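Oh and the sequence shown: position 344 is 343 in numbering that gives the first Met the number 0, straight run, nothing missing. One structure is given here, and the rest of the page talks about it.
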Amino acid sequence: MFFASDNSGKAHPEVMQALVDANEGYAMGYGADPINGEVREKLREVFEAPDAVVHLVATGTAANSLILGSMSRPFDAIFCSDEAHIHVDECNAPEFYTGGAKLIPIPSTHAKIAPSDLERAILGEENRGVHGPKRGPVSLTQLTEAGTAYSLEELSALTACAKSYGLATHMDGARFANAVSKIGCSPADMTWRAGISALSFGGTKNGLLGVEAVIFFDPALAEEFELRRKRGGHLFSKNRYLSAQMQAYLRDDLWLKAAEQANNNAAYLADALERVGATIHGSVDGNIIFADLPRSTHQCLKDAGAVYHIMVGNLEGDDPSEPLTARFVCDWSISRELIDQFIGLFD
Ligand SMILES: Cc1ncc(COP(=O)(O)O)c(C=O)c1O
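Structure below.
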């Protein structure tokens, strides 16, 4: 009954096998391995972007921060939602890797920002001469941290706003696969065709041991990336093991199949939670659910061994009926039996 995070699930057996297969003989290091070339080509094919610049890193924070570092200057403002992972959960890595660019958090609803709020934030910068930050890139998360997905129209409206001020847009796609699976569009539709300039394409939460792809749809933005990755300590010498994971992920659409499983698991859990009286926050568009349950219910669930995070409120408290907000995340591997076992705890 493990709903703490999709980071907590296991790696996919096909990915493990790919690592075993890659573990033969010798391969050149630092990205010169043959699988890396194939993977980069395959990603350009999947994204219908023949000119895209593609690199691999091992963490989402590295992908986000190194992309933003390549896209912004130290005196820039980076516009993002107030719930963005880059703002609240990366220990200032974007500020560090950009050499001091400033994140401007924008009020959001279930972690989604509106074009009017983005425009207000953009207009709030670059009007104090040398004293204030310059306008820099916009960063959007898809699937969002609250488990909601921007529609293609919403994405296009936000990137159009950014573009009208000459700003590029980064997408934090730690759960990109979950969003594609939900919306049922092509990866190209959700990125460059919607105006996205660069993507952190997640794999770790969806069956890999630890690989994210960095994809620059605008090659001009990628010029410094390789230098920044090396300088930042994120160029793997034994890169073939990153390549092999990503190769297995892309083979026969494993990335989409795993995300569909995770999303179906979350939809099933959300239905069941609603039936037992939980209040669900926003829409469940992917594999993350935010839900309110009374403190006493949380206490029973935790005592029975369920693992998940309480995000708002404190389990230690006097009022048993006070609603506390929890986050439940389903990964691709969780079984229906375990979800049923969890729901059975409400009987
Ligand atoms: C939205 C989002 N972006 C990025 C990340 C990547 O984080 P990490 O550096 O832990 O791989 C996460 C992980 O929790 C995330 O939820």
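We put the beta carbon where it would ideally sit given N, CA and C, even for glycine. If you're wondering where the values come from, they're calculated on a predicted model, not measured in any experiment.
Residue i versus residue j: straight-line alpha-carbon distance, rounded
i      : j      : result
Asp117 : Cys79  : Before going further, note that residue 117 is Leu rather than Asp in the sequence given. Their Cα atoms are separated by approximately 8 Å.
Val129 : Phe74  : 10 Å
Leu300 : Thr140 : 31 Å
Met0   : Ala219 : 46 Å
Met27  : Ala51  : 23 Å
Ile309 : Ala303 : 16 Å
Phe200 : Asp318 : 43 Å
Gln246 : Asp32  : 12 Å
Thr58  : Lys41  : 20 Å
Ser138 : Asp346 : 43 Å
Val179 : Tyr149 : 10 Å
Phe289 : Glu144 : 10 Å
Leu67  : Asp217 : 13 Å
Val275 : Ala221 : 49 Å
Glu37  : Ser71  : 30 Å
Glu82  : Pro104 : 8 Å
Arg239 : Asn177 : 26 Å
Asp252 : Arg174 : 15 Å
Ala197 : Ile214 : 6 Å
Lys101 : Ala92  : 11 Å
Met15  : Glu124 : 47 Å
Leu249 : Leu323 : 39 Å
Ala325 : Ala271 : 15 Å
Thr168 : Ile77  : 10 Å
Val87  : Glu94  : 12 Å
Arg134 : Gly165 : 9 Å
Ala110 : Arg294 : 25 Å
Asn264 : Ala277 : 17 Å
Ser320 : Leu337 : 26 Å
Gly285 : Asn126 : 39 Å
Arg39  : Tyr267 : 35 Å
His280 : Tyr29  : 44 Å
Gly131 : Phe224 : 26 Å
Lys181 : Ala269 : 15 Å
Ala3   : Gln298 : 16 Å
Leu142 : Lys204 : 12 Å
Thr115 : Ala161 : Looking at the sequence shown, residue 115 is not Thr but Ser. If you take the alpha carbons of Ser115 and Ala161, they lie about 11 Å apart.
Buried versus exposed call for residue i [16 or more other C-beta atoms within 10 Å across all chains shown]
i      : result
Pro106 : exposed
Cys90  : exposed
Tyr25  : exposed
Arg119 : exposed
Lys229 : exposed
Ser282 : exposed
Leu349 : Nothing about residue 349 can be reported from this structure: the residues present for the chain run from 0 to 346 only.
Val56  : buried
Thr97  : buried
Asp339 : exposed
Tyr307 : buried
Gly99  : exposed
Gly343 : exposed
Val53  : buried
Gly122 : The residue asked about is misnamed: residue 122 is Leu in this sequence, not Gly. Looking at its Cβ environment, which holds fewer than 16 other Cβ atoms inside 10 Å, Leu122 is exposed.
Leu292 : buried
Thr108 : exposed
Asn35  : buried
Ser69  : buried
Asp5   : buried
Coarse secondary structure for residue i, derived from DSSP in three states
i      : result
Arg192 : helix
Arg227 : helix
Cys79  : strand
Gly281 : coil
Ala173 : coil
Gly135 : strand
Glu211 : strand
Thr147 : coil
Leu292 : strand
Arg127 : coil
Val14  : helix
Val275 : coil
His86  : helix
Lys101 : strand
Phe235 : coil
Ser114 : Looking at the sequence provided, one finds Pro at residue 114 rather than Ser. Three-state DSSP puts Pro114 in a helix.
Tyr55  : The amino acid at residue 55 is misidentified as Tyr; the sequence shows Leu. Three-state result, Leu55: strand.
Min CB distance residue i to chain D below 8 Å
i      : result
Asp171 : The structure shown contains no chain D; it holds only a single protein chain.
task: Taking 8 Å as the threshold, find out whether the segment 9-22 comes into contact with the segment 150-163 through three or more Cβ pairs.
output: Too few Cβ pairs lie closer than 8 Å, so no.
task: Decide yes or no for the touch test of the segment 230-239 against the segment 200-209: beta carbon pairs closer than 8 Å, at least 3 of them.
output: no
- prompt: Does the segment 320-339 come within contact of the segment 254-267, defined as at least 3 CB pairs closer than 8 Å?
  reply: yes
query: How about the segment 38-48 and the segment 172-187: do they share at least three Cβ pairs that are nearer than 8 Å?
result: yes
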